[in-house]
Amino acid sequence: MPQQQTSGPEQGQRFDWWAAAPATAPVPDRPAAAPAAPVEPAPALVPPAASVPARPVPARPVPAHPVPVRPAPTEPDRAGSRSTVVYRSVQGSDAFQEIRRSYRSFVFPTSGAFLGWYLMYVAAQAGAPGLMRSQVAGPVNVAWLLGLLQFASTFLLTWLYARNARTKRDRAALDLRWDTQDQLR
Numbered sequence: 006m007p008q009q010q011t012s013g014p015e016q017g018q019r020f021d022w023w024a025a026a027p028a029t030a031p032v033p034d035r036p037a038a039a040p041a042a043p044v045e046p047a048p049a050l051v052p053p054a055a056s057v058p059a060r061p062v063p064a065r066p067v068p069a070h071p072v073p074v075r076p077a078p079t080e081p082d083r084a085g086s087r088s089t090v091v092y093r094s095v096q097g098s099d100a101f102q103e104i105r106r107s108y109r110s111f112v113f114p115t116s117g118a119f120l121g122w123y124l125m126y127v128a129a130q131a132g133a134p135g136l137m138r139s140q141v142a143g144p145v146n147v148a149w150l151l152g153l154l155q156f157a158s159t160f161l162l163t164w165l166y167a168r169n170a171r172t173k174r175d176r177a178a179l180d181l182r183w184d185t186q187d188q189l190r
């Protein structure tokens with residue numbers, strides 16, 4: 006079977022396949038189009054003072070499935086529903102604030118230490134390439150060693166976070182959740 010020849014861009018030309026005009030094929034559901042009317046030559050430039058009739062603005066189409074309109078809030082909704090009141094009281098409770106304080110006291114310093122450790126690694130790569138190339142053992146140099154320690158520290162911090170959450174926050178958060186669900190019943 007002979008290969009089909011395709012035309013491509015000539016040398017020095019750029020071809021964007023997504024910008025190429027699509028090939029037109031007859032649509033089987035439609036009748037053939039009537040022959041095109043002869044093309045009239047373009048009119049001469051009209052001076053700006055001449056009046057040009059304005060084109061009518063097409064009306065906006067009406068959607069097939071109108072979007073339901075939400076009714077205006079009633080007085081009890083404006084004051085706050087029962088669940089809103091319960092959740093706001095839980096948010097202001099000492100138990101919730103203690104859970105948040107425990108979370109922040111672990112996450113913020115740990116994230117800062119890890120970010121500092123990562124930036125130290127990048128700065129050492131850029132600022133002390135000779136130090137980073139020094140051999141530690143066989144083909145392993147300081148850069149490889151510090152890079153592998155980045156992975157090890159990520160796994161260590163993940164384990165520490167899970168242990169901290171399990172021992173300090175999960176029980177208190179679960180108790181608070183059950184209390185909240187009881188208040189909503």
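Throughout the sequence shown, residue numbering follows the working numbering, covering 6 to 190 in sequence. Note that beta-carbon positions come from the ideal geometry of N, C-alpha and C, so glycine has one too.
Counting along the chain, the unbroken alpha helix (DSSP H) around Ala-157 starts and ends at 147-169. Boundaries of the alpha helix (DSSP H) around Ala-129: 99-132. A direct Cα-Cα distance of roughly 11 Å separates Pro-134 from Asn-146.
Closest in C-alpha terms to Leu-165, from the list Ser-98, Ser-116, Arg-60 and Arg-87, comes Ser-116. By the CB criterion at 7 Å, Ser-107 and Arg-174 fall inside the cutoff.
The continuous alpha helix (DSSP H) containing Arg-87 extends over residues 87-96.
Contact between Phe-101 and Leu-181 holds, since their C-beta atoms are separated by about 6 Å, short of 8 Å. Non-local beta-carbon contacts of Leu-162 in its own chain, meaning distances under 8 Å to residues more than five positions away in sequence, involve Thr-115 and Phe-119 in chain order. The alpha-carbon separation between Leu-153 and Ala-170 amounts to approximately 26 Å.
Residue pairing by DSSP puts Gln-140 in a beta bridge opposite Asn-146. Spanning the alpha carbons of Ala-157 and Val-112 requires a straight line of approximately 18 Å.
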